[in-house]
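In our numbering, the protein residues as written are 11 to 48. Cβ coordinates follow ideal geometry from the N, Cα and C atoms, glycine included. Structure first, then comments.
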Amino acid sequence: MQFLRPEQRFSSLDSLKAQIAQDCQQAQAMLLKADSID
């Protein structure tokens, strides 16, 4: 696993939720890639 992004503040709850969803997708993609390498 690697660092996704630095800490940041969000102007609204909706923008925070959207970023969390994007972070989850990025983390899942990295994990799938790592699994395929093994």
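Secondary structure of Ser22 (DSSP, three-state): coil.
Between the C-alpha atoms of Lys27 and Leu42 there is a straight-line separation of about 23 angstroms.
Take Ser21, set aside five residues on each side of it, and no residue of its chain has a beta-carbon closer than 7 angstroms to its own. Contact between Gln12 and Met40 holds, since their C-beta atoms are separated by about 7 angstroms, short of 8 angstroms.
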